[in-house]
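Peer 1: Counting in UniProt numbering, the sequence shown runs from 1 upward without gaps. Think of the CB as a built atom: it goes at the ideal place given N, C-alpha and C, for glycine as much as any other residue. Note that the coordinates shown come from a computational prediction; the quantities given were computed from them, not determined experimentally.
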Amino acid sequence: MLKNPAILLFILKGVAFTLIISVLAVVVSIVWGSILALVRNYCTAPGQRIFKWLATIYIEVFRNTPLLFWIFIGLVFFPAPQLFAHQLFGLSSVETKILFKATVALTVFTSAIIAEIIRGGLNSIPQGQFEAGFSQGFSTVQVMLYIILPQAYRNVVPTLLSQVITTIKDSSFLANVATIELMARVKKILSNASIYNGTGTINVSDVFVLFGCAALIYFIINYTLSCVVRHVQKKTQNAAQSYAAPAAGDTQPVTGGNG
1 MLKNPAILLF ILKGVAFTLI ISVLAVVVSI VWGSILALVR NYCTAPGQRI
51 FKWLATIYIE VFRNTPLLFW IFIGLVFFPA PQLFAHQLFG LSSVETKILF
101 KATVALTVFT SAIIAEIIRG GLNSIPQGQF EAGFSQGFST VQVMLYIILP
151 QAYRNVVPTL LSQVITTIKD SSFLANVATI ELMARVKKIL SNASIYNGTG
201 TINVSDVFVL FGCAALIYFI INYTLSCVVR HVQKKTQNAA QSYAAPAAGD
251 TQPVTGGNG
């Protein structure tokens, strides 16, 4: 069945949409998750605590409920902009609306997880970094943008990349709302397998071939990203060791006096 060029092209388009949905979800989630992390960590003044509570509720609700639940909620309740009421990328207007709603659902779910990842990076920054920034005349916003956030992101890069892998795998849940990513297309081909295989029936081998192909594609994508994660982790560890070594070398032992 996979020898059919039309089927291969159909599956490859599904791979492309899977990557597009995942990348969009992760990029938006990093931005929104950063805001949530900052609000939850630093809105501690009496007039700001309501924002801290709202961020906390958002993060805890989405982190502790199933993604599939929010996909169905998004499909029913999330409004789609007028832009997505037309044909786009070769998709029908109905498919583009589903694409938008499913991507939003994946984004709001992923942003809660990424918010906690970034908050862990923020908590790893010593208080002295804030004081050093303020002593240079930086405002709170400048300290966050130029000193704190860059270090926090650097500390959590491997974890963020691991979350990208998880998001790509989570995108397979979107097949449950008949969207256009990889797994949905595999299911669609399987439902019409009797037309393509020339037997008039769906063979057991069709199931193994199609889902095996999908599994192999997911494995290749995620294994490649896993290699990137390990490489980044190794570079981060080496950088930390090389930074710490000169400092350790400058330490002189305490010796006694002339007596």
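1) Quick one: is serine 171 buried, meaning 16 or more other Cβ sit within 10 Å of its Cβ, or exposed?
2) Touching or not, the segment 147-160 and the segment 85-104, by the rule of three or more beta carbon pairs under 8 Å?
3) To the nearest angstrom, how far is it from the Cα of glutamine 129 to the Cα of serine 92?
4) Give a yes or no on contact between the segment 77-87 and the segment 128-147, applying the rule of three or more CB pairs nearer than 8 Å.
5) For isoleucine 147, would you say it is in contact with chain C, using Cβ-to-Cβ distances shorter than 8 Å as the test?
6) Could you tell me how far apart the beta carbons of serine 22 and threonine 167 are, in whole angstroms, since I believe they sit closer than 8 Å?
7) Among Val108, Phe51, Ile50 and Cys43, which has the Cα closest to the Cα of isoleucine 73?
8) Cutting at 7 Å between CB atoms, please list the residues of its own chain near serine 29, excluding the five before and the five after it.
9) With burial defined as no fewer than 16 other Cβ atoms inside 10 Å of the residue's Cβ, what is the status of tryptophan 53: buried or exposed?
10) Whether or not the segment 130-145 and the segment 55-74 are in contact is what I'm after, with contact meaning three or more pairs of Cβ atoms, one per stretch, closer than 8 Å; do they touch?
11) Quick one: Cα of phenylalanine 69 to Cα of valine 104, how far?
12) With C-beta atoms as the reference, is isoleucine 189 less than 8 Å away from phenylalanine 10?
13) With distances taken Cα to Cα, identify the nearest neighbour of cysteine 213 among Asn238, Lys235, Leu225 and Met183.
14) Are the beta-carbon atoms of isoleucine 180 and glycine 47 separated by less than 8 Å?
15) Buried or exposed: where does valine 207 fall if 16 or more other Cβ atoms within 10 Å of its Cβ makes it buried?
16) Can you tell which of Thr18, Leu122 and Asn4 has the C-alpha that lies nearest to the C-alpha of tyrosine 42?
17) Taking a contact to mean a Cβ-Cβ separation below 8 Å, would you say valine 177 touches phenylalanine 211 in this structure?
18) According to the Cβ coordinates, are arginine 119 and alanine 37 closer than 8 Å?
19) Do phenylalanine 173 and leucine 19 have their beta-carbon atoms positioned less than 8 Å apart in this structure?
20) Measuring CA to CA, which of Ile117, Asn192 and Ser226 is closest to tryptophan 32?
21) Here's the rule: buried if 16 or more other CB atoms are within 10 angstroms of the residue's CB, otherwise exposed. What is tyrosine 223?
22) Take the Cβ of glutamine 136 as the centre, count every other Cβ of all protein chains shown within 10 Å, and call the residue buried at 16 or more, exposed below.
Peer 2: Judging by the given coordinates:
1) Buried: at least 16 other Cβ atoms inside 10 Å.
2) Output reads no: the segment 85-104 does not touch the segment 147-160.
3) The alpha-carbon separation between glutamine 129 and serine 92 amounts to approximately 52 Å.
4) In short, these stretches do not touch, since the Cβ pair count stays below three.
5) In the structure shown, chain C cannot be found, because there is only a single protein chain.
6) Yes, they are in contact, since the Cβ atoms of serine 22 and threonine 167 sit about 5 Å apart, within 8 Å.
7) Out of Val108, Phe51, Ile50 and Cys43, Val108 has the C-alpha closest to the C-alpha of isoleucine 73.
8) Excluding residues within five positions, the ones whose Cβ falls inside 7 Å are Thr107, Thr110, Ser111 and Ile114.
9) The residue is exposed, with fewer than 16 neighbouring Cβ atoms inside 10 Å.
10) Using a C-beta cut-off of 8 Å, the segment 55-74 makes no contact with the segment 130-145, since fewer than three inter-stretch Cβ pairs fall below that distance.
11) Their backbone Cα atoms lie some 13 Å apart in a straight line.
12) Pairing isoleucine 189 with phenylalanine 10 gives a Cβ-Cβ distance under 8 Å.
13) Distance from the Cα of cysteine 213 is smallest, within the candidate group Asn238, Lys235, Leu225 and Met183, for Met183.
14) The answer is no: Cβ separation not under 8 Å.
15) Under this definition valine 207 is an exposed residue.
16) For tyrosine 42, the closest of Thr18, Leu122 and Asn4 by C-alpha to C-alpha distance is Leu122.
17) With a cutoff of 8 Å on beta-carbon distance, valine 177 and phenylalanine 211 are scored as not near each other.
18) The beta carbons of arginine 119 and alanine 37 sit closer together than 8 Å.
19) Taking C-beta atoms as the reference points, leucine 19 and phenylalanine 173 fail to come closer than 8 Å.
20) Comparing Cα positions, the closest option is Ile117.
21) Answer is exposed; the Cβ neighbour count stays below 16.
22) Here glutamine 136 is exposed, its C-beta having fewer than 16 other C-beta atoms within 10 Å.
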